[in-house]
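K.L.:
Just dropping this structure here.
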């Protein structure tokens, strides 16, 4: 159990790394929206994979509908990235991106969220790859709309032991968009990442 | 040396290198085949000369190119959420629900200094077709489940209503409407059961025939409303004075029958009868009118005073008559009457 979680120093270093990638992401997101975008300093924690669904429930609170994106990355840095956005945040982001006068539909929301998560994933996983001197190939991501009340019926991700949680709070104009990024890693990859982080302290 | 160009021209992936102004520097045979454009490598060509991208598609592609070049990492455009970037006929030979090829497009940085990227286009039409079919099937299945659930719900409601109606009918057939005590029909059923059980176990049980004294006067002078309220009050007293296993019935007017199960001695019956008489004679206020009423009870015992319903009831009635002639507000056993 001792080695299951990040210690405070590891968390600080990880936060700094993610924050650097967030800086890069924020400027791209700002360009996307022709507006100033600010990604807050990320809050980072990690949990065991068994507690993953409970954590999603905790983050979503009273929001029944949410969007979940998934993307595998393979190579010497290996795992899966998931993002969860409640439907309100997803709608707000889509409206900002498309600036459409008419009604936005589900396909618009999905494609907007995919663009957003693509940027954050590339920046963040790219940074992780950089520090572990690893290489990775991104698989095609997927997105689906899910319902909190049916969370137990969805298929679970297998082959992972740990989940790194990165809170992604994005301020654009007067709007605040809140999402959560989850990086799923197996024990070996998680241990390797921690060891590399320790060398940076 | 392997011939990479030969391989690139034979794979089922579209490969095209462009810059941020969409000038094409290279495209493999896949693109020529699917767009029906023959491109001489030295001839300048722009993406927009081949494909009519709309304003939104141009904006999106530019964003992806910028993300790929800035992050030095692939940017992905999926068929799942966007369907296609380049309007190209799909290669399916069966009727498809899609007019154009469904595409996953990966935008990979190629030469960051020259702001060039390579687009990798994957034909996902078959996959998307299957997905759409699955989606349609699961939607039909979900609809069927919904209809089935609604039908089950309706059936459950109908069953609940039926149970309720059955209950109402049973109550109407077996209970007195005014006092909710057992009526003659239920009394008869309980009587038969009691006779059977007492015979099998060699036990005794008592039958009380109770009649209110001068109840007719209450009805005649104070009205039926008061009379009815008084009957309800007496019914409650009788239930209170007896055990749950005993049967208290109203067989008409002010006549009540009580079946006292599993009686070991006459003394117990006498003490219960006295308890009932005492509780009834206590003054009571009904609709602001102070009333005092008394009751008389005749008692017969199974099997000494009869072994059938009619016999035991008739003998309890005879004992009641004795109690009335003795001055009312009292009880009487059949054998005392005979004495």
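Protein chains in written order, with the working numbering: chain A, 69 to 269; chain B, 7 to 345. Glycine included, C-beta positions come from ideal geometry on N, C-alpha and C. Owing to the predicted nature of the structure, the values given are computational and were not obtained by experimental measurement.
(1) Along the segment 189-223 of chain A, what residues have a CB closer than 7 Å to any CB found in chain B?
(2) Could you check if residue 213 of chain B is buried or exposed, using at least 16 other CB atoms within 10 Å of its CB as the buried criterion?
(3) Less than 8 Å between the beta carbons of residue 215 of chain B and residue 278 of chain B, yes or no?
(4) Looking at the structure shown, is residue 230 of chain B part of a helix, part of a strand, or coil, going by DSSP?
(5) Who does residue 237 of chain A pair with in a DSSP beta bridge?
(6) Spell out a yes or no on whether the segment 198-209 of chain B and the segment 298-314 of chain B are touching, meaning 3 or more CB-CB pairs, one atom from each, closer than 8 Å.
(7) Helix, strand or coil: how does DSSP classify residue 267 of chain A here?
(8) Put residue 214 of chain A into one of helix, strand or coil per three-state DSSP.
(9) Can you give me, in chain order, the residues of the segment 81-105 of chain B that have a beta carbon less than 7 Å from any beta carbon in chain A?
(10) By DSSP, does residue 158 of chain A sit in helix, in strand, or in coil?
(11) Put residue 214 of chain B into one of helix, strand or coil per three-state DSSP.
(12) Please classify residue 220 of chain B: does DSSP put it in a helix, a strand, or coil?
(13) Express the C-alpha separation of residue 199 of chain A and residue 215 of chain A in angstroms, rounding to a whole number.
(14) When the Cα of residue 78 of chain B is compared with those of B:62, B:48, B:118, B:55, which residue comes out closest?
(15) So, is the C-beta of residue 137 of chain B closer than 8 Å to a C-beta in chain A?
(16) Please determine, among A:242, A:230, A:132, A:112, the residue with the shortest C-alpha to C-alpha distance to residue 106 of chain A.
(17) So, at 8 Å on beta carbons, what are the nonlocal neighbours of residue 36 of chain B in its own chain, with the 5 sequence-adjacent residues on each side left out?
(18) For residue 119 of chain B, does the three-state DSSP call read helix, strand or coil?
(19) Beta carbons nearer than 8 Å to chain A: which residues of the segment 211-238 of chain B have them?
(20) With a 10 Å radius around its C-beta and 16 neighbouring C-beta atoms as the bar for buried, classify residue 199 of chain B as buried or exposed.
(21) Answer yes or no: does any C-beta atom of chain A fall closer than 8 Å to that of residue 133 of chain B?
(22) With 7 Å as the C-beta to C-beta threshold (strictly closer), list the residues of the segment 175-189 of chain A near chain D in chain order.
(23) Between residue 207 of chain A and residue 139 of chain A, how many whole angstroms is the CB-CB distance? I'm expecting something under 8 Å.
(24) List, in order along the chain, the chain A residues whose C-beta lies closer than 8 Å to that of residue 67 of chain B?
(25) Would you call residue 331 of chain B buried or exposed, if buried means 16 or more other Cβ atoms sit within 10 Å of its Cβ?
(26) Given a threshold of 16 other Cβ atoms within 10 Å of its Cβ, counted over all protein chains shown, does residue 256 of chain B qualify as buried or as exposed?
(27) Report the neighbours of residue 79 of chain B on chain A: residues whose CB is nearer than 7 Å to its CB, in chain order.
(28) I need the boundaries of the beta strand (DSSP E) containing residue 105 of chain A, first residue and last residue.
(29) Have a look at residue 267 of chain B and residue 181 of chain B and give me their C-alpha separation to the nearest angstrom.
(30) Do the CB positions of residue 83 of chain B and residue 108 of chain B come within less than 8 Å of each other?
(31) Let me check understanding here. Comparing Cα to Cα, which of B:225, B:243, B:239 lies closest to residue 233 of chain B?
(32) Buried or exposed: which applies to residue 7 of chain B, given that a residue is buried once 16 or more other Cβ atoms fall within 10 Å of its Cβ?
(33) How would you write the range of the beta strand (DSSP E) that residue 208 of chain A sits in, first residue to last?
(34) Per the contact definition of three or more C-beta pairs closer than 8 Å, is the segment 146-163 of chain A in contact with the segment 56-74 of chain B?
(35) With a threshold of 8 Å between beta carbons, is residue 150 of chain A in contact with chain B?
P.N.:
From the atom records:
(1) 190, 191, 194, 206, 208, 209, 210, 211
(2) Counted from its first residue, the second chain places residue 213 of chain B at position 207. The residue is buried, with at least 16 neighbouring Cβ atoms inside 10 Å.
(3) Numbered from 1 along the second chain, position 209 holds the residue referred to as residue 215 of chain B. Numbered from 1 along the second chain, position 272 holds the residue referred to as residue 278 of chain B. For residue 215 of chain B and residue 278 of chain B, no; Cβs fall outside 8 Å.
(4) As a position in the second chain, residue 230 of chain B is number 224, starting the count at 1. Helix at residue 230 of chain B.
(5) The residue you call residue 237 of chain A lines up with position 169 of the first chain. DSSP, once it has assigned bridges, lists A:246 as partnering residue 237 of chain A.
(6) yes
(7) Reading the first chain from its first residue, position 199 is the one you call residue 267 of chain A. Of the three classes helix, strand and coil, the one that applies to residue 267 of chain A here is helix, per DSSP.
(8) By one-based count along the first chain, residue 214 of chain A stands at place 146. In the structure shown, residue 214 of chain A sits in a strand (DSSP, three-state: E or B).
(9) 81, 82, 84, 86, 87, 88
(10) Locating residue 158 of chain A in the first chain gives position 90, where the first residue counts as 1. It is helical.
(11) Start at 1 with the first residue of the second chain, and residue 214 of chain B comes out as number 208. If DSSP states are grouped into helix, strand and coil, residue 214 of chain B belongs with the strands.
(12) Position 214 of the second chain, counted from the first residue, corresponds to residue 220 of chain B. Correct three-state label for residue 220 of chain B: coil.
(13) On the first chain, residue 215 of chain A is found 147 positions in, with the first residue counted as 1. On the first chain, residue 199 of chain A is found 131 positions in, with the first residue counted as 1. Answer to the nearest angstrom: the Cα atoms are 37 Å apart.
(14) In the second chain, counting from the first residue as 1, residue 78 of chain B sits at position 72. If we check each option's Cα against that of residue 78 of chain B, B:118 comes out closest.
(15) To locate residue 137 of chain B, count along the second chain from 1; it is residue 131. So, not an interface residue.
(16) For the purposes of this step, residue 106 of chain A is taken as the residue at position 38 of the first chain. Closest option to residue 106 of chain A, Cα to Cα, is A:242.
(17) Translated into the one-based positions of the second chain, residue 36 of chain B becomes position 30. Within the same chain, residue 36 of chain B has close Cβ partners 15, 17, 18, 19, 20, 21, 127.
(18) Position 113 of the second chain, counted from the start, is the residue given in the question as residue 119 of chain B. DSSP places residue 119 of chain B in coil when its eight states are reduced to three.
(19) none
(20) For the purposes of this step, residue 199 of chain B is identified with residue 193 of the second chain, where counting begins at 1. Looking at its Cβ environment, which holds fewer than 16 other Cβ atoms inside 10 Å, residue 199 of chain B is exposed.
(21) Along the second chain, one-based indexing puts residue 133 of chain B at 127. Output row for residue 133 of chain B: interface = no.
(22) Looking for chain D here will not work: the only protein chains present are A and B.
(23) Numbered from 1 along the first chain, position 139 holds the residue referred to as residue 207 of chain A. Numbered from 1 along the first chain, position 71 holds the residue referred to as residue 139 of chain A. Indeed, because the Cβ distance is near 6 Å, the residues count as touching under 8 Å.
(24) Within the second chain, numbered from 1, the residue matching residue 67 of chain B stands at position 61. Correct list: empty, because the minimum Cβ distance to chain A is about 11 Å.
(25) Position 325 of the second chain holds residue 331 of chain B. Exposed: under 16 other Cβ atoms inside 10 Å.
(26) Looking up residue 256 of chain B in the second chain gives position 250. Buried is the call here.
(27) Stepping through the second chain from its first residue, residue 79 of chain B is reached at position 73. Residues of chain A passing the Cβ test: 190, 194.
(28) Your numbering for residue 105 of chain A matches position 37 in the first chain. That run of the beta strand (DSSP E) goes 105-107.
(29) As a first step, residue 267 of chain B is located in the second chain; it is residue number 261 there, counting from the start. As a first step, residue 181 of chain B is located in the second chain; it is residue number 175 there, counting from the start. Approximately 20 Å, taken between the alpha carbons.
(30) Indexing the second chain from 1 puts residue 83 of chain B at position 77. Indexing the second chain from 1 puts residue 108 of chain B at position 102. It is not a contact, given that the beta carbons lie outside the stated cut-off.
(31) Within the second chain, numbered from 1, the residue matching residue 233 of chain B stands at position 227. Cα-wise, what sits closest to residue 233 of chain B is B:225.
(32) Position 1 of the second chain holds residue 7 of chain B. The residue in question, residue 7 of chain B, is exposed, as its Cβ has fewer than 16 Cβ neighbours within 10 Å.
(33) As a first step, residue 208 of chain A is located in the first chain; it is residue number 140 there, counting from the start. It is not in any beta strand (DSSP E) - residue 208 of chain A carries neither H nor E in the DSSP assignment.
(34) no
(35) Reading the first chain from its first residue, position 82 is the one you call residue 150 of chain A. No, residue 150 of chain A does not count as interfacial toward chain B.
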